[in-house]
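Asks: Numbering of the sequence shown is given in our numbering, commencing with residue 435 and proceeding in unit increments.
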Amino acid sequence: VNASEGTKGSGLLASAAVLAAFGGLQVLPEAEREARHQPLVEQARSLGEESFAERFSVRDLSGGRHIALLVDQAHEQIFGYCTYELEEEALRILQLAVPEALRGKGLRRRLVDWARGAAAAAGRERVRLRIFELEGCELSLRASPGPTDLQLRRGSY
């Protein structure tokens, strides 16, 4: 599957124009709160099914858990998502996914950068992210600007 075709079975299409200008993408935080964003949340659930052994359910997005979607300007398709919650000292990313065909193009970085900004805006000192599978994860964090520390932990904590 190439980037212009999207990912198998997910309906996530990536137009060449949008990919050429990632500036046209935006993050919708707490997308689960607005009924008009439910089709996008469903796209994220499909992507979650492709990316994780357990996809998130809409019921998981309560009690302080939210979803941020990386979407095109028309709000018609997603290019990635992260589920997250605010803890006392950190914003914790529960899941972070982009379509396999679009990996390595900076989309995960965009979501992590958004999380760093959201953490700082909420007065949190850190962003926490658990990595269960390191193979294929090329998220470089060394030169990340921003006021927050990013803690990567392998496995459970």
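Don't be surprised by glycine CBs; every beta carbon is placed ideally from N, CA and C.
Give me the DSSP bridge partner(s) of Arg499.
Replies: As a working mapping, residue 499 is identified with position 65 in the sequence shown. Answer is Glu519, bridged to Arg499.
Asks: Taking 8 Å as the cut-off, does the stretch 533-552 touch the stretch 493-501 (at least 3 CB pairs, one atom from each stretch)?
Replies: Counting Cβ pairs under 8 Å, fewer than three are found: no touch.
Asks: Evaluate Glu466 with the Cβ neighbour count: other Cβ atoms within 10 Å of its Cβ, from every protein chain shown; 16 or more gives buried, anything less gives exposed.
Replies: Numbered from its first residue, the sequence shown carries residue 466 at position 32. Looking at its Cβ environment, which holds 16 or more other Cβ atoms inside 10 Å, Glu466 is buried.
Asks: Would you please state the rounded distance, in angstroms, between the beta carbons of Leu504 and Ile512? I believe it to be under 8 Å.
Replies: Looking up residue 504 in the sequence shown gives position 70. Looking up residue 512 in the sequence shown gives position 78. Correct: roughly 6 Å between the Cβ atoms.
Asks: Secondary structure at Gly540, three-state DSSP: helix, strand or coil?
Replies: Indexing the sequence shown from 1 puts residue 540 at position 106. Coil at Gly540, not helix or strand.
Asks: Which partner residues does Arg558 have in the DSSP bridge list?
Replies: Taking the first residue of the sequence shown as position 1, residue 558 is located at position 124. BP columns for Arg558 are empty, so no partner.
Asks: Keeping to the same chain, check which residues put their C-beta closer than 7 Å to that of Ala552; ignore five residues upstream and five downstream.
Replies: As a position in the sequence shown, residue 552 is number 118, starting the count at 1. Around Ala552: Pro463, Leu525.
Asks: When we look at the beta-carbon of Gln472 and count the other beta-carbons within 10 Å, is it buried (16 or more) or exposed?
Replies: Taking the sequence shown and counting its residues from 1, the one referred to as residue 472 is at position 38. By the 10 Å Cβ count, Gln472 comes out exposed.
Asks: DSSP state of Leu481, grouped into three classes?
Replies: Taking the sequence shown and counting its residues from 1, one reaches residue 481 at position 47. If DSSP states are grouped into helix, strand and coil, Leu481 belongs with the helices.
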